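Q:
Protein chains: 2
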Amino acid sequence: MSDITIREASASDWPQIWTILEPVFRAGETYSYAQNITSDQARQAWMELPAKTFVCAKADGELIGTYYLKANQPGQGNHVCNCGYVVSSAARGLGAAATMCNHSQEVDLALGFRSMQFNLVVSTNEGAVRLWQRLGFTIVGTLPAAFKHPTRGYVDAFVMFKQLSPA
Amino acid sequence: MSDITIREASASDWPQIWTILEPVFRAGETYSYAQNITSDQARQAWMELPAKTFVCAKADGELIGTYYLKANQPGQGNHVCNCGYVVSSAARGLGAAATMCNHSQEVDLALGFRSMQFNLVVSTNEGAVRLWQRLGFTIVGTLPAAFKHPTRGYVDAFVMFKQLSPA
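Those protein sequences? They're chains G and S, same order as listed. The numbering of the first sequence is numbering that gives the first Met the number 0, which starts it at 0 and goes up by one. The numbering of the second sequence is numbering that gives the first Met the number 0, which starts it at 0 and goes up by one.
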């Protein structure tokens, strides 16, 4: 996607970011946030708790995606980064998720992280699993029945991992 | 350990709990907390953020162990519980960890959790790995070099999981 830019989010981006996140969180099929999460709770989880939050914007300024970045653990695990990415429903399939994931890996390395971990990739989210694998992530663990899918019931989730710099 | 009791922690237990936790967090060999964590930060992480915190007391009232219990994820992953257990150095090898782990599984089931996940069991903490395996936990994932051990460098960590009720 050559006509999109990724930049750090500012507080004034929140209404547009929430427009992207809300349908995904309400659907509850891919991310483990409370389906009835409020805008304020989501803003705290997506904008305040993470180390950084980015947005993906089209040339006309419209936001089509967002991701957060944070250490997955404090202390002796804080060289492993964790990110979460959401693309607006209108922009699915255009490569924004891959663009954001590649961007996040560059940011991670610049910040001194050595690897990246996704803690809960829902096994039924097959497009995402394939995308992360294509971008170099490996399924390093399977969490049995760890996600309660709203229509498919208890389904497995994957832990996915990518080494960014040699251990 | 027939002469010990497990009860919910109260705020006034914190100084004794911190006496148990502090050397473990400072050593930084088994848990991923900042080694320079303050008492206040540790109290928040151990007593306030979790759903419940328990202490393990000898007959004379001395505390020899503590554990916390919380949902490992919000939303669609909130049927999976996460716990952390620490035993005082003076009481190691007496079975307090196993007693607390078994206790936590009963509490989890009573609270409606279906399974339990440990997110970061340090691979060099071999006694703990063996204990959790003996208590029915399985290594479901290996996180490569995910823990920076203070003397052994980057070592693997395990994700361990136990189903408490049929999925």
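Backbone N, C-alpha and C fix where the C-beta goes; we use that ideal spot for every residue, glycine too. It should be emphasised that the depicted structure is a prediction, and the values quoted were computed from it without experimental measurement.
1) Are the C-beta atoms of leucine 68 of chain S and some chain G residue less than 8 Å apart?
2) Can you tell which of G:Glu21, G:Leu142, G:Pro49, G:Ser87 has its C-alpha closest to the C-alpha of alanine 56 of chain G?
3) Okay, do the stretch 107-120 of chain S and the stretch 6-25 of chain S touch, 3+ Cβ pairs below 8 Å being the bar?
4) Valine 79 of chain G: which of S:Glu21, S:Glu125, S:Leu119 sits nearest, CA to CA?
5) Could you give the first and the last residue of the continuous beta strand (DSSP E) run that contains isoleucine 16 of chain G?
6) Can you confirm whether phenylalanine 117 of chain G, when its beta carbon is compared against all beta carbons of chain S, has any partner nearer than 8 Å?
7) Could you have a look at serine 88 of chain S and say whether DSSP puts it in helix, strand or coil?
8) Exposed or buried, glutamine 43 of chain G, counting other C-beta atoms within 10 Å across all chains shown (16 or more means buried)?
9) Applying a beta-carbon distance threshold of less than 8 Å, which residues of chain G neighbour threonine 178 of chain S?
10) Could you give the distance in angstroms between the alpha-carbon of glutamine 34 of chain S and the alpha-carbon of threonine 150 of chain G?
11) I need the straight-line Cα distance from threonine 123 of chain S to glycine 60 of chain G, nearest angstrom please.
12) Would you identify the three-state DSSP class for arginine 151 of chain G, choosing helix, strand or coil?
13) Would you say tyrosine 32 of chain G faces chain S, with C-beta separation under 8 Å as the test?
14) Between the Cα of lysine 51 of chain S and those of S:Gln40, S:Ala70, S:Ala58, spot the shortest distance and give me the residue it belongs to.
15) From alanine 58 of chain S to lysine 161 of chain G, what does the alpha carbon distance come to, in whole angstroms?
16) Tell me, please, which residues DSSP counts as bridged to glutamine 162 of chain S.
17) Using a Cβ-Cβ cut-off of less than 9 Å, give me the residues of the stretch 101-115 of chain S that come near chain G, in sequence order.
18) Step through the CB atoms of chain S and report whether any lies within less than 8 Å of the CB of valine 128 of chain G.
A: Result, derived from the coordinates:
1) Numbered from 1 along the second sequence, position 69 holds the residue referred to as residue 68 of chain S. No, because no Cβ of chain G sits closer than 8 Å to the Cβ of leucine 68 of chain S.
2) For the purposes of this step, residue 56 of chain G is taken as residue 57 along the first sequence, with counting starting at 1. When each option's Cα is compared against that of alanine 56 of chain G, the closest is G:Ser87.
3) no
4) Stepping through the first sequence from its first residue, residue 79 of chain G is reached at position 80. Considering only alpha carbons, the answer is S:Leu119.
5) Taking the first sequence and counting its residues from 1, one reaches residue 16 of chain G at position 17. Careful: isoleucine 16 of chain G lies outside any beta strand (DSSP E), inside the alpha helix (DSSP H) at 13-26.
6) Translated into positions along the first sequence, residue 117 of chain G becomes position 118. No, because no Cβ of chain S sits closer than 8 Å to the Cβ of phenylalanine 117 of chain G.
7) Within the second sequence, residue 88 of chain S is the residue found at index 89, counting from 1. Serine 88 of chain S falls in the helix class under three-state DSSP.
8) Taking the first sequence and counting its residues from 1, one reaches residue 43 of chain G at position 44. Exposed: under 16 other Cβ atoms inside 10 Å.
9) Because chain S spans 0 through 166 in this model, residue 178 of chain S falls outside it and cannot be assessed.
10) Numbered from 1 along the second sequence, position 35 holds the residue referred to as residue 34 of chain S. Numbered from 1 along the first sequence, position 151 holds the residue referred to as residue 150 of chain G. Near 43 Å, if we compare the C-alpha coordinates of threonine 150 of chain G and glutamine 34 of chain S.
11) Your numbering for residue 123 of chain S matches position 124 in the second sequence. Your numbering for residue 60 of chain G matches position 61 in the first sequence. Each residue's Cα considered, the two are about 50 Å apart.
12) On the first sequence, position 152 is the one that residue 151 of chain G refers to. Coil, per DSSP.
13) For the purposes of this step, residue 32 of chain G is taken as the residue at position 33 of the first sequence. So yes, tyrosine 32 of chain G belongs to the interface.
14) Walking along the second sequence from the start, residue 51 of chain S turns up at place 52. Cα-wise, what sits closest to lysine 51 of chain S is S:Ala70.
15) In the second sequence, the residue the question calls residue 58 of chain S occupies position 59. In the first sequence, the residue the question calls residue 161 of chain G occupies position 162. One C-alpha to the other measures close to 49 Å.
16) Here residue 162 of chain S corresponds to residue number 163 of the second sequence, with the count starting at 1. The partner list for glutamine 162 of chain S (beta bridge, DSSP) reads S:Ser114.
17) Arg113, Ser114
18) Within the first sequence, numbered from 1, the residue matching residue 128 of chain G stands at position 129. Cβ-Cβ to chain S under 8 Å: no for valine 128 of chain G.
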